[in-house]
Every structure is written in structure tokens, then in C-alpha cells.
Amino acid sequence: MNNSGETVEVVNNCCSNENLVPLQEILDYGREESKENPLEKAIWAAGGSLTTCWVWFLMRFIFTQLTLSILLDGILSLTNKKPLFTIIDFIVENDKYKNLSSLITEQDKDKLDLKVNFRFDREYVSVCFEGYKKFIFNESAKASKRTILRHKVLTVLNYTLQFILVICVLWIIRNLIPITV
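Quick note on numbering: the working numbering labels position 154 of the sequence shown as 154, and the sequence is numbered without any gaps.
Below is the structure:
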């Protein structure tokens, strides 16, 4: 119950052991939501997939994240702007959320059943994105048409750069390792 006497749905995604959600499903929801409601300050398309192979992970990290971030920082430094990846830390500290558990009494914790009432679905991801945009990134909760268009352009640019990078790496490998028949 809150001060108005109405019931409030309490959702806690930090201690849910009973309702496990596959990480791939979380990534899929995030990609879908970022297409519909992208961040204004996004610099390339949201993407990614899971792998258990450390070699494949390392290759994808180097060629799709690290190289593109170095390229972007290099372009920004050539235009006399501050680089993004060497000065920005994206770790979010939310003291209000950390202090929430100290405000809830043990009696209320039993009533709220915090470990079971977690429902991870597309609607939940949408609400999370809107909250992140509004309260953490200080943007409007819904993306403007201009931001959505910019995201589409960045998506095409992102995959084009990745394709060019893979072609360059294959060309370098081909020239370094002579193929003898």
C-alpha cells in the first residue's frame, strides 16, 4: 500500500531465483526496444549475441567494439572534440535503489514476496528504457522522429564499418599468410 491507499506492484529483478530469464531473451528485448526508442546520444546500433567460445568472443569484441570505439575517438580528436570512450564511465550508481532494502521492514518483505513477483517481459523492458532515458541519461522518455532516423543511419553505418573491417582483416591475413597449392 502507498500513501494514497492504492496497491502498488513491486518488481525486483535483483533477487529472483524462481523465475529465471535467459540472457538471450533479455538481449533480444533490448535490441527491439532500442530500435523503437533509441537513446539520443547513441553512437552505434545496439546488438550482440551470446557465445561460450572465448576466441569468438575476443574476435567480436576487438573487431566490433574496440576497433570502432578507437576509430570514433580518433575521428573526434581530429575534430578537436573530447573522445567518448577514454573519458566516459558508464557504471551507474543508484544510491536510492541501494537504500531501498533498508527502508522495507522484514514484515513488509514477506508481504511483498520480492523474490517471486518478477515478471520480465517486453513491457517491463520498455518501462526500464524509459526510466533509464529520463532519470539516468536526462533525455525525454520517448525518442523523437529525428532520433529514430539517426539510429537507423547509425545502424547502416555500424554494419557497413563492421563489414569493411572484416574485409580488411581478411585481406591482411591473406597477404601475411601465403597460400601455397
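Quick reminder that beta carbons are idealized off the backbone N, C-alpha and C, glycines included. Just so we're clear, the structure is a prediction, and the values are computed from it rather than from any experiment.
| Query | Result |
| --- | --- |
| Burial state of S140 (16 or more Cβ within 10 Å) | exposed |
| Three-state class that DSSP yields for D121 in the structure shown | coil |
| Meets three-Cβ-pair contact criterion under 8 Å: the region 38-47 and the region 144-152 | yes |
| Pairwise C-alpha distance: A46 and Y159 | 11 Å |
| C-beta contact flag for T51 and R60 at 9 Å | yes |
| Beta-carbon gap between S49 and Q24 smaller than 9 Å | yes |
| Sequence-distant residues of its chain with Cβ nearer than 8 Å to T67 (five each side left out) | L165 |
| Where C168 falls: helix, strand or coil (DSSP) | helix |
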